[in-house]
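Below: the structure, in structure tokens.
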Amino acid sequence: ISFESNPQTEMTSKLLNITAKAVGLLAIIIGLTAKFAPHLFFKVPNIGFILFAVTGGSPIPPYISSDPFLPENRGWLKQDDVIVTVAAKSGTTWMMYCSHQIRVKGDDEKYPFSDINMVTPWPGLIQTPGEGWEPYVREQMNSTILPDGSKLKDYWDNEEYPFRIFKSHDVVDTYGDLIGGDKVKFLAMARNGLDMAASFVPFFDKHSDEFRSLWGNFPPVEPGTAEEKAALRLRQLLPGQIFEDFYFPYINSWWKARNEKNVLLLHYSDAKKDLSGTVKKIANFYGVKLNAKEHKTVVEKCGFPYMKERTHLFNYQLPLNSNFDGRIMTNGSMTRKGNVGDGKVIFTEEDRELWMKAEEESFGDDPAKLNWARNGGGFD
Numbered sequence: 002i003s004f005e006s007n008p009q010t011e012m013t014s015k016l017l018n019i020t021a022k023a024v025g026l027l028a029i030i031i032g033l034t035a036k037f038a039p040h041l042f043f044k045v046p047n048i049g050f051i052l053f054a055v056t057g058g059s060p061i062p063p064y065i066s067s068d069p070f071l072p073e074n075r076g077w078l079k080q081d082d083v084i085v086t087v088a089a090k091s092g093t094t095w096m097m098y099c100s101h102q103i104r105v106k107g108d109d110e111k112y113p114f115s116d117i118n119m120v121t122p123w124p125g126l127i128q129t130p131g132e133g134w135e136p137y138v139r140e141q142m143n144s145t146i147l148p149d150g151s152k153l154k155d156y157w158d159n160e161e162y163p164f165r166i167f168k169s170h171d172v173v174d175t176y177g178d179l180i181g182g183d184k185v186k187f188l189a190m191a192r193n194g195l196d197m198a199a200s201f202v203p204f205f206d207k208h209s210d211e212f213r214s215l216w217g218n219f220p221p222v223e224p225g226t227a228e229e230k231a232a233l234r235l236r237q238l239l240p241g242q243i244f245e246d247f248y249f250p251y252i253n254s255w256w257k258a259r260n261e262k263n264v265l266l267l268h269y270s271d272a273k274k275d276l277s278g279t280v281k282k283i284a285n286f287y288g289v290k291l292n293a294k295e296h297k298t299v300v301e302k303c304g305f306p307y308m309k310e311r312t313h314l315f316n317y318q319l320p321l322n323s324n325f326d327g328r329i330m331t332n333g334s335m336t337r338k339g340n341v342g343d344g345k346v347i348f349t350e351e352d353r354e355l356w357m358k359a360e361e362e363s364f365g366d367d368p369a370k371l372n373w374a375r376n377g378g379g380f381d
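Sequential numbering of the sequence shown, starting at 2, is according to the numbering used here.
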């Protein structure tokens with residue numbers, strides 16, 4: 002019996018063979034890239050950050066690292082450094098700017114403020130994909146010459162500053178034995194969870210397109226109506242979801258450290274109610290004495306009306322990335338509203354109940370902690 006070959010069958014077989022080899026080659030390329038140069042995934046338009054994440058890249062967001070504060074990397078810290086380690090979307094930029102104004106006693110003529118990420122830098126921010134804290138960011142913070150010929154180091158490490166200020170969002174465990182010590186001070190702040198979630202809703206959409214393209218389209222702009230986006234973002238912040246670390250672990254972590262001698266734990270609602278008292282409390286914590294005139298000036302400059310008139314100061318430049326001539330955020334997005342109570346307005350009853358249930362499950366072991374997380378106020 003003889004069988005004649007079918008041209009169509011042979012062609013199909015060849016195509017399947019070629020496809021199998023192509024898929025295999027692609028898998029090898031992806032595997033090698035993930036192992037030796039995962040930052041190259043970000044060059045893939047639109048889905049680069051997805052490839053980075055699914056192949057074992059760092060947690061989302063991919064440009065935030067805790068490496069500068071790990072025990073083996075802390076040699077750069079100096080006596081009396083301040084780490085403003087506020088929960089995400091809970092007043093970080095506000096507290097950094099207020100800390101700076103306290104540091105210089107409101108004197109912007111002597112100490113001009115250029116950009117939040119130059120004067121009070123974020124060591125854990127990876128400004129160029131593939132270039133983390135060691136050996137890149139640490140060295141570049143000290144050696145970078147800006148386009149105008151000035152030294153970046155002079156903005157954040159000015160010899161006349163009584164202390165340096167750095168940004169972080171990390172939890173207590175990251176800092177280890179620095180907590181309770183005498184070397185570094187920590188300013189921590191949390192916010193009503195629903196208000197934090199409300200601020201989080203437009204946050205990712207307000208990142209600049211230039212910054213988004215740098216990170217393979219992260220953070221992505223979510224489609225849908227305002228109501229749909231609100232429901233999505235709230236659920237992404239819940240325990241077990243992609244952005245859970247932004248809130249629940251933060252509260253549990255810093256609540257335990259609230260009485261440590263080098264920790265000042267504040268609540269956003271309290272600072273909004275009494276900015277003058279908050280400025281005094283922070284200044285005392287930093288060891289800065291403000292006379293009546295200086296105190297009044299600092300309180301004015303720490304206020305949202307003053308900051309909203311100077312939104313260009315809070316767009317976050319990337320001075321360590323010489324190929325990036327832009328900002329992380331679109332103008333005005335970091336001084337958007339700052340209201341207390343927005344969470345009760347933009348979320349549905351179903352959303353609010355879902356969030357309150359998660360709070361009770363996460364903080365219910367301590368009624369005082371649960372009440373403080375929601376409302377602020379004093380604690381023992």
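Glycine residues also receive a C-beta, built at the ideal position from the N, C-alpha and C atoms.
Checklist entry - What does DSSP give as the partner residues of Glu-169 in its beta bridges? => result A quick correction: the sequence has Ser, not Glu, at residue 169. Looking at the DSSP assignment, Ser-169 forms a beta bridge with Thr-86.
Next on the checklist: Could you compute how far the alpha carbon of Met-197 sits from the alpha carbon of Thr-20?
Outcome noted: 48 Å
Item to check | Whole-angstrom distance between Phe-380 and Ile-347, CA atom to CA atom | outcome: 29 Å
Item to check | For Ser-66 and Val-83, believed in contact at Cβ under 8 Å, the rounded distance | outcome: The pair is not a contact, with the Cβ atoms about 20 Å apart (cut-off 8 Å).
Checklist entry - Of the choices Val-202, Ser-169, Leu-179, Ala-88, whose alpha-carbon is the least far from that of Arg-192? => result Ala-88
Checklist entry - Helix, strand or coil: how does DSSP classify Phe-4 here? => result Note that Phe-4 scores 47 on pLDDT, short of 50, meaning its location in the model is unreliable; the coordinates nonetheless yield the value given after this. If DSSP states are grouped into helix, strand and coil, Phe-4 belongs with coil.
Checklist entry - Expressed to the nearest angstrom, what Euclidean distance is found between the alpha-carbon atoms of Phe-212 and His-170? => result 20 Å
Item to check | Rounded separation between Trp-123 and Ser-14 - CA only | outcome: 56 Å
Item to check | Endpoints, alpha helix (DSSP H) assigned at Leu-195 | outcome: 194–204
Next on the checklist: Could you pull the DSSP bridge partners for Gln-1 from this structure?
Outcome noted: What is shown of the chain runs 2 to 381, which leaves residue 1 out entirely.
Checklist entry - Who does Arg-328 pair with in a DSSP beta bridge? => result Gln-318
Item to check | Closest residue to Asn-1 among Asp-109, Ile-146, Gly-76, Phe-167 (Cα-Cα distance) | outcome: Since the displayed the chain opens at 2 and closes at 381, residue 1 lies outside it and no answer follows.
Item to check | Pro-124 in three-state terms, based on DSSP | outcome: coil
Checklist entry - Using 8 Å as the Cβ pair cut-off and three pairs as the minimum, do the segment 101–109 and the segment 291–305 touch? => result yes
Checklist entry - What is the rounded straight-line gap between the Cα of Met-96 and the Cα of Lys-90? => result 11 Å
Checklist entry - What does DSSP give as the partner residues of Phe-187 in its beta bridges? => result Ile-84, Val-264
Next on the checklist: Just to confirm, is the Cβ distance from Glu-261 to Gly-181 under 8 Å?
Outcome noted: yes
Checklist entry - Does the distance from the CB of Val-341 to the CB of Gly-217 come in under 8 Å? => result no
Checklist entry - Thinking C-alpha only, which one of Ser-277, Ile-61, Lys-207 is nearest Leu-126? => result Ile-61
Checklist entry - Using the C-alpha atoms, what's the distance from Arg-353 back to Lys-345? => result 7 Å
Item to check | Assigned secondary structure, Ser-363 (DSSP; H/G/I helix, E/B strand, else coil) | outcome: helix
Checklist entry - Grouping DSSP H, G and I as helix and E and B as strand, with all else coil, what is Ile-65? => result strand
Checklist entry - Do you know whose CA, among Phe-364, Thr-312, Thr-298, lies nearest Glu-110's CA? => result Thr-298
Checklist entry - Can the beta-carbon of Arg-357 be found closer than 8 Å to that of Tyr-269? => result In the sequence as presented, Arg is not what sits at residue 357; that position holds Met. Cβ atoms of Met-357 and Tyr-269: not closer than 8 Å.
Next on the checklist: Tyr-251 and Val-172 - do their beta-carbons sit closer together than 8 Å?
Outcome noted: yes
Checklist entry - Within this structure, are the beta carbons of Trp-134 and Asp-68 separated by less than 8 Å? => result yes
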